[in-house]
Amino acid sequence: MNTFQLSCFIAVAEYLNFARAAEQLHVTHPAVSQQIKSLEKELNTKLFIRTTRTVKLTEEGKTFLNDAQQMVAISDRAKKRFENAHDRQIQTLSLGCYSYPCLFLLSDTLRELATEYPSLHPRLQVIPFQHIYRLLEEGDLDAVIGFKESDSAKIPANYKEIAKVPFVCICSKENPLSKRKSLTLDEIKTERLVLLLPTKASLQIAHIQSQLMGGRAPSEFYFCESGEAVTVLVQAGFGISILPDLFIPRTFPASIIPVQGIEPVSFGIYYKSLQGNAPLKDIIRIMKKSGVGLL
């Protein structure tokens, strides 16, 4: 079944005359007849009752007419969408993050980038930590935005630092620690901990969590699959958590306390190449200039 067959059927159904339908379509009478026969054979039904004097739609033909009109309309709409070559120019930029807080930082940067590249179509994805760099290596992502991994991770990409992000302790307002101006790791080792699952945490975060866990019993930990889930349990009073400040919502209704003695973690962009990718060059420039609100 093709659109020419359908157009022939619609024209004959409209004029109830093969010759007039052929004239309307600028083809020969036999060509229209052949297309109708072919369509009827494919549908395994008669669409018209034909005599030497009249042409009438069968009940099956009446039923099929609406389907045919819709299929031709869809085809025409699809063709029209690509008529203007200039309008269909799309410049994609695929960015991956492994947490929603990282993703939410991009709004202002992308707003500025859009003024420079009107045809830009950003494609934003939140991808599990353990898969995201494979997609970057395979070319499914232009860049990954997140924390710098340790050299032992051997990420097959270049890295550009955007900002240094400090670690903070978060706890509910009812926790006595909420009144503190700053804390050290030693001062929170007896607290119940709300932690990211090791498979969901970067190596730096996993290392800090390992220090806090020490030899304590599993009953003293609550594991979560995301930073958002961590903040919910902390707010509910299940325990405290140590996270890079980036993970904490700006409207977080609990206490955020600086932690001393932990080196800030590097936050930036991993990318394979900047060659031929002007939007990626500029997104790095814009983020570096603004620090994406972290500096």
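Be aware that the sequence shown starts at 25, since it is given in this note's numbering, and climbs by one per residue. Glycine included, every Cβ here is placed at the ideal spot set by N, Cα and C. Nothing here was measured: the structure is a model prediction, and the numbers come from that model.
- Contact between the region 295-311 and the region 212-220 is absent: fewer than three C-beta pairs spanning the two stretches fall below 8 Å.
- In the assembly as shown, Y183 is an exposed residue. Its beta-carbon has fewer than 16 other beta-carbons within 10 Å.
- One alpha carbon belongs to I310, the other to S174, and they sit about 25 Å apart.
- Annotation: the continuous beta strand (DSSP E) that includes R147 extends over 144-150.
- With fewer than 16 neighbouring CB atoms inside 10 Å of its own CB, E249 falls in the exposed class.
- Setting aside the 5 residues that flank it on each side, Y246 is surrounded in the same chain by R216, L217, V218, L219, L257, F262, G263, each with a C-beta closer than 8 Å to its C-beta; the list follows chain order.
- Taking E185 as the centre and dropping the five residues before and after it, the same chain places the C-beta of S290, G292 closer than 6 Å to its C-beta, in chain order.
- In the DSSP assignment, T27 falls within the unbroken alpha helix (DSSP H) covering 27-39.
- Membership of F153 in the alpha helix (DSSP H) is indicated by the continuous run 153-161.
- Beta bridge pairing from DSSP links I293 with I169, K184.
- In the three-state DSSP reduction, Y246 falls in the strand class (E or B).
- The region 189-245 is shown to contain whole beta strand (DSSP E) runs of 3 or more residues at 191-195, 217-220, in chain order.
- Distance from the CA atom of I280 to the CA atom of P146, rounded to whole angstroms, is 33 Å.
- Judged by pairs of C-beta atoms under 8 Å, the region 54-73 does not touch the region 120-133, as fewer than three such pairs exist.
- Taking C-beta atoms as the reference points, L207 and Q284 count as a pair closer than 8 Å.
- For Q299, there is no enclosing beta strand (DSSP E), since its DSSP letter is neither H nor E.
- Residue state for L71 is assigned as coil, using DSSP reduced to three classes.
- Look at V258 here: in three-state DSSP terms it is helix.
- With respect to C193, I266 sits close: the two C-beta atoms are nearer than 8 Å.
- Around V189, the same chain offers P268, D269, L270, P288, V289, F291, L318 as residues with beta carbons nearer than 7 Å, after the five sequence neighbours per side are excluded.
- Ranking L119, I60, Q259, Q29 by CA distance to the CA of Y157 puts L119 first.
- Every beta strand (DSSP E) stretch that sits fully inside the region 72-99 and reaches 3 residues is listed by chain position as 72-74, 79-81.
- Linking I229 to P303 through their CA atoms gives a straight-line distance of about 30 Å.
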